[in-house]
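Each remark here refers to the structure printed beneath this line.
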Amino acid sequence: MPLTSLFPYTAVVLLELLNTPSPTGFTEAAMRVVERHLLELGIPFSRTRKGALLWTLEPQESHLHAKTLAFAAHIDTLGAMVKSIKPNGRLTLSQLGAYDWISIEGEYALVHLQNGSSLSATVVNTKQSIHVHSSDLRELKRDEHTLELRLDAVTSTLEETKALGVEVGDFVSWDSRAQLTLAGYIKGRHLDNKAAVAIFLLLTKAYTEGSLHLRHTAHFYLSSYEEVGHGSSSGIPLDTDELIVVDMAAIGEGQNSSEHHCSICLKDSGGPYDHLLSSRIRALAQATGLELRPDIYPWYASDGTAAWRAGAEYPVALIGPGVDASHAYERTHFDALEATARLMAAYLQH
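Numbering-wise (our numbering), the sequence shown opens with residue 7 and increments by one.
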């Protein structure tokens, strides 16, 4: 399947998604981006009552022993909410998702107000100036008590900040700073898991253009609460025979994943994934000539974990492109995106 020819489309879609704020619970704008692309491709879609997005591709002709597959990814990202307004007009934060506070120090942000507008801001700490605080800055522990949001607005009091329209509970998003590099890397915040969403749209485009012929029915499901643990706890179609979650593969010391490959996670913090389904995927990758990297992530959970914990009875496997510096300023290579798309396409045709 000539997926490589469609990668300029994938790059455009992925950059658009990365630059569209969607912290957990505030994903409507990003969902509308995906819906617009589906409309352009002529693909009908629906929403669950919880806000997840779903579309289905049917085989062009019937096949014996065909199955109904579901592929799940999530569009929600890390972010924060306004925890309080300080007497000096700055904001304290409550995390959305799990990340180290130091990974957002110095990051640009948007505070999304109830009236639909937003205010730009920067994450700073309470002793940010080395000229003022010297060794106190170097020894400062970064946490919810020492990091604050400095608004790009004229305010120095709680009352002035409230007059801008800021309220406790307003959503806060981080600037992705997404970039494509000449070496074929894409870097930015929130490749987890917008890389998978772009792959879903790539395969959907290949299907509409006639270069992807399906043996099995394919449901594509986008959740919006994965980063807080209950994304796919509901809404996966009831006729699903197998669920394949597509999410980032974490790279680091002691891991087998790579920015240039697709990985298959065999176990995470929720325990092992389905051995038979994972083995079928691994065998197909080998037969297709794809180097699929097996790995285990001890501090990780996925939409598959959420589905199983909610009582799902179908087998679940987890694959995805390798992503460096997960839950910080991330990076992957188009090699990994292509490998993941090729593996999904092969499974849909096998």
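Cβ coordinates follow ideal geometry from the N, Cα and C atoms, glycine included.
When you compare each of the options to residue i by their alpha carbons, which one comes out closest?
i, options, result
"Leu-23", "Ser-11, Tyr-15, Ala-36", "Ala-36"
"Arg-197", "Ser-332, Phe-13, Gly-48", "A small fix is needed here, since residue 197 is Leu in this sequence, not Arg. Leu-197 has its Cα closest to that of Ser-332, out of Ser-332, Phe-13, Gly-48."
"Leu-298", "Glu-265, Glu-166, Glu-319, Asp-280", "Glu-265"
"Ala-334", "Asp-253, Arg-195, His-80", "Arg-195"
"Leu-244", "Leu-47, His-43, Ala-76", "Ala-76"
"Gly-57", "Leu-228, Gly-85, His-43, Ala-202", "Leu-228"
"Trp-314", "Leu-296, Pro-93, Gln-292, Ile-250", "Ile-250"
"Val-40", "Lys-133, Phe-32, Arg-148, Ile-81", "Ile-81"
"Val-252", "Gly-241, Ser-285, Gly-216, Ala-307", "Ala-307"
"Ile-362", "Ala-289, Ser-275, Ser-11, Glu-336", "Only positions 7 to 356 of the chain appear in the structure, and residue 362 is not among them; the question remains open."
"His-225", "Thr-163, Val-203, Ala-72, Ala-78", "Ala-78"
"Leu-220", "Glu-166, Val-130, Glu-67, Ala-189", "Glu-67"
"Leu-188", "Leu-12, Leu-349, Phe-340", "Phe-340"
"Glu-232", "Ser-217, Met-254, Ser-90", "Met-254"
"Leu-9", "Ser-230, Gly-216, Gly-235, Leu-99", "Gly-216"
"Val-234", "Gln-134, Pro-27, Tyr-279, Tyr-105", "Tyr-105"
"Gly-122", "Glu-34, Arg-55, Asp-280", "Glu-34"
"Thr-54", "Glu-259, Ile-242, Ser-90", "Ile-242"
Quick check: residue i and residue j, are their CB atoms within less than 9 Å of each other?
i, j, result
"Arg-96", "Leu-155", "yes"
"Thr-152", "Trp-107", "yes"
"Leu-170", "Leu-119", "yes"
"Gly-112", "Thr-83", "no"
"Ser-239", "Ala-323", "no"
"Ser-275", "Gly-328", "no"
"Asp-247", "Tyr-320", "yes"
"Ala-202", "Ile-192", "no"
"Ser-230", "Thr-26", "no"
"Leu-63", "Thr-210", "yes"
"Val-88", "Ser-100", "yes"
"Leu-59", "Ser-52", "yes"
Quickly, what does DSSP pair residue i with across the bridge? List them, please.
i, result
"His-339", "Tyr-191"
"Thr-301", "One point to set straight first is that residue 301 is Asp, not Thr, in the sequence displayed. Cys-271, per the DSSP bridge assignment."
"Ile-91", "Leu-97"
"Leu-155", "Leu-97, Val-129"
"Ser-225", "A small correction: the amino acid at residue 225 is His; Ser does not occupy that position in the sequence shown. Answer is Thr-62, Ala-76."
"Gly-277", "Asp-274"
"Gly-249", "The sequence shown places Leu at residue 249, rather than the Gly named in the question. In DSSP, Leu-249 forms a bridge with Ala-76, Val-322."
"Leu-116", "Ser-126, Ser-179"
What is the C-beta distance between residue i and residue j, in whole angstroms, given that I count them as a contact (C-beta under 8 Å)?
i, j, result
"Ile-270", "Ile-325", "5 Å"
"Pro-300", "Leu-272", "6 Å"
"Thr-214", "Gly-85", "Actually they are not in contact, since the Cβ atoms of Thr-214 and Gly-85 sit about 33 Å apart, beyond 8 Å."
"Thr-338", "Leu-208", "Actually they are not in contact, since the Cβ atoms of Thr-338 and Leu-208 sit about 14 Å apart, beyond 8 Å."
Minimum length 3: unbroken beta strand (DSSP E) runs contained in the segment 157-205: 177-180, 191-194
Complete beta strand (DSSP E) runs within the segment 51-89 (minimum length 3 residues, chain order): 59-63, 74-80
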